[in-house]
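Per the numbering used here, the very first residue in the sequence shown carries number 117; after that it's consecutive.
Cβ atoms here follow ideal geometry from the backbone N, Cα and C, with glycine treated the same way.
To start, the structure itself, in structure tokens.
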Amino acid sequence: MTLLRRPLHLVIALAVVLLAAPLAPARTLDAIRKSGTIVIATEGQFAPFNYFEGSKLTGFEVDVADAVAAKMGLKVDWKTIGFDALLAGLNQDRWDMVIASHGITDERAKAVTFADPHYCSGGVIVSKGGTLKTAADLAGKTVAVQTGTTYLDNVKKVAGVKEVKTFPQDTDARGALLTGRVDAWVTDRFAGKAALEANPAGGLKTGGFLFVERIAAAVAKGNTPLVTEIDKALAAIMADGTYAKISEKWFKEDIRCK
Ligand code: ARG
């Protein structure tokens, strides 16, 4: 009796598991093309890469992604959400692509598929008056970083740091430094620079790189047809001067990986 019934139980158990699985298949390139619109998610709190000017989403990455989509012949439906939820949303089919200054890491590459990098940068140490410059200077200090970032991963590796304080947004980590609740803030080189320029009275100065990284957009794990088209479009805007123009506009230099 059990011999006959067990296979059925297994089939039912498997069906339940499959139905309950949170993973939906990523939208195919064909489905995206048919709809004429690619859904792109970003954080919107990481100037000058992706942020709001009033109610308008703007920034270097918004311009780059808009140009990539235009090359692909697609309109963009922009979504903004907390940094933590961005990559997970890809495999839940909530959006087709994420562009939010994610450094390419082995850990993330297990969960999503990265496009070719759209810029190269790194994490820098920011402190009041610029007294903290190197990893060694962080010994005995309290450091603020955004949750879920490579800044957190890399600060954790520094020996002797007294405490790492995490914040949901990079701007909150900056705020902690400005109000003297921490000794240092580790953030992107260009984000740090923009924050200092926006608030010269704050007295913040950047020290050296803690690490360098290649920054890329991502799609759902294994969505190769989509990532191939994104890479082609990115290469095209890098070749035809569009990328250089966007980069000059935001940074007065070309920040592509050399
Ligand atoms: N580059 C860092 C990382 O890969 C930080 C990215 C933060 N991006 C953001 N939109 N807040 O984790």
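For this session: Take A360 as the anchor and find which of R149, Q161, V155, V180 has the nearest alpha-carbon.
Result: As a working note, residue 360 is residue 244 in the sequence shown. For the residues R149, Q161, V155, V180, the minimum Cα distance to A360 belongs to V180.
Exercise. Cβ of F327 within 6 angstroms of any heavy atom in the ligand ARG?
Worked result: Along the sequence shown, one-based indexing puts residue 327 at 211. Checking the Cβ of F327 against the ligand ARG gives no.
For this session: Measure the CB-CB distance between A336 and N207 and report whether it falls below 7 angstroms.
Result: Residue mapping note: residue 336 aligns to position 220 of the sequence shown, counting from 1. Residue mapping note: residue 207 aligns to position 91 of the sequence shown, counting from 1. Using a Cβ distance threshold of 7 angstroms, A336 and N207 count as a contacting pair.
Problem set entry | C-alpha gap between G324 and A147, whole angstroms | Taking the first residue of the sequence shown as 1, we reach residue 324 at position 208. Taking the first residue of the sequence shown as 1, we reach residue 147 at position 31. G324 and A147: Cα-Cα distance of roughly 45 angstroms.
Exercise. Where do the N-terminal and C-terminal ends of the beta strand (DSSP E) with W366 fall, by residue?
Worked result: In the sequence shown, residue 366 corresponds to position 250, counting from 1. W366 -> not in any beta strand (DSSP E); alpha helix (DSSP H) instead, spanning 358-367.
Exercise. At what residue ranges does the stretch 189-240 contain a whole run of the beta strand (DSSP E), taking only runs of 3 or more?
Worked result: 191-196
Exercise. What residues match up with N166 in a beta bridge as DSSP calls it?
Worked result: Indexing the sequence shown from 1 puts residue 166 at position 50. Bridge partners of N166: F162.
Exercise. Should D212 and R149 be called a contact, given that it needs their Cβ atoms to be closer than 7 angstroms?
Worked result: Locating residue 212 in the sequence shown gives position 96, counting from the first residue. Locating residue 149 in the sequence shown gives position 33, counting from the first residue. No. Outside cutoff.
Exercise. So what does DSSP say about G323, is it helix, strand or coil?
Worked result: Position 207 of the sequence shown, counting from 1, holds the residue named residue 323. Here G323 sits in strand by DSSP.
Exercise. According to DSSP, is V184 helix, strand or coil?
Worked result: Counted from its first residue, the sequence shown places residue 184 at position 68. In the structure shown, V184 sits in a helix (DSSP, three-state: H, G or I).
Exercise. Excluding five sequence neighbours on each side, which residues of the same chain lie with their C-beta closer than 7 angstroms to the C-beta of V298?
Worked result: One-based indexing of the sequence shown puts residue 298 at position 182. Excluding positions up to five away in sequence, the list reads T258, V259, A260, K281, A292.
For this session: My understanding is that V240 touches T303, with C-beta atoms under 8 angstroms, so please give their C-beta distance in whole angstroms.
Result: If you number the sequence shown from 1, residue 240 lands on position 124. If you number the sequence shown from 1, residue 303 lands on position 187. Yes, they are in contact, since the Cβ atoms of V240 and T303 sit about 7 angstroms apart, within 8 angstroms.
Exercise. Should E177 be counted as a contact of the ligand ARG given a C-beta to heavy atom distance under 6 angstroms?
Worked result: Locating residue 177 in the sequence shown gives position 61, counting from the first residue. The answer is no for E177.
Problem set entry | Local conformation of R143 per DSSP, three classes | Position 27 of the sequence shown, counted from the start, is the residue given in the question as residue 143. Coil at R143, not helix or strand.
For this session: May I have the straight-line CA-CA distance separating G189 from A275, to the nearest angstrom?
Result: For the purposes of this step, residue 189 is identified with residue 73 of the sequence shown, where counting begins at 1. For the purposes of this step, residue 275 is identified with residue 159 of the sequence shown, where counting begins at 1. Cα-Cα distance, rounded: 49 angstroms.
Exercise. Where does the unbroken beta strand (DSSP E) through K309 begin, and where does it stop?
Worked result: Position 193 of the sequence shown, counted from the first residue, corresponds to residue 309. First-last for K309: 305-314, but that is the alpha helix (DSSP H), not the beta strand (DSSP E).
Problem set entry | contact_flag[the stretch 159-178, the stretch 216-229] where n(CB pairs < 8 angstroms) is 3 or more | yes
Exercise. Using the C-alpha atoms, what's the distance from L145 back to L294?
Worked result: The count along the sequence shown starts at 1 and reaches residue 294 at position 178. The count along the sequence shown starts at 1 and reaches residue 145 at position 29. Distance between the alpha carbons of L294 and L145 is about 45 angstroms.
Exercise. Thinking C-alpha only, which one of D253, E345, G246 is nearest G308?
Worked result: As a first step, residue 308 must be located in the sequence shown, where it is residue number 192. If we check each option's Cα against that of G308, G246 comes out closest.
For this session: State yes or no: is the C-beta of R305 within less than 7 angstroms of the C-beta of G238?
Result: The residue you call residue 305 lines up with position 189 of the sequence shown. The residue you call residue 238 lines up with position 122 of the sequence shown. In this structure, G238 lies closer than 7 angstroms to R305 by Cβ.
Problem set entry | C-beta neighbour in chain C for A300, strict 7 angstroms | Here there is only one protein chain, and chain C is not present.
Exercise. Any idea if V328 is buried or exposed, counting beta-carbon neighbours within 10 angstroms, 16 or more meaning buried?
Worked result: For the purposes of this step, residue 328 is taken as the residue at position 212 of the sequence shown. With fewer than 16 other Cβ atoms within 10 Å, it is exposed.
For this session: Report yes if the C-beta of T265 is less than 6 angstroms from at least one heavy atom of the ligand ARG; otherwise report no.
Result: Taking the first residue of the sequence shown as position 1, residue 265 is located at position 149. Checking every heavy atom of the ligand ARG against the Cβ of T265, one is found closer than 6 angstroms.
Exercise. Under a Cβ-count criterion, where at least 16 other Cβ atoms within 10 Å of its own Cβ denotes burial, should S171 be classed as buried or exposed?
Worked result: Translated into the one-based positions of the sequence shown, residue 171 becomes position 55. Exposed.
Problem set entry | Beta-carbon contacts of M354 that lie in its chain and below 7 angstroms, excluding the five residues immediately before and after | Working through the sequence shown from its first residue, we reach residue 354 at position 238. R372.
For this session: Confirm the yes/no value for this check: CB of D286, any heavy atom of the ligand ARG, distance under 6 angstroms.
Result: Indexing the sequence shown from 1 puts residue 286 at position 170. Checking every heavy atom of the ligand ARG against the Cβ of D286, one is found closer than 6 angstroms.
Problem set entry | K321 versus E369: straight-line alpha-carbon distance, rounded | By one-based count along the sequence shown, residue 321 stands at place 205. By one-based count along the sequence shown, residue 369 stands at place 253. About 20 angstroms.
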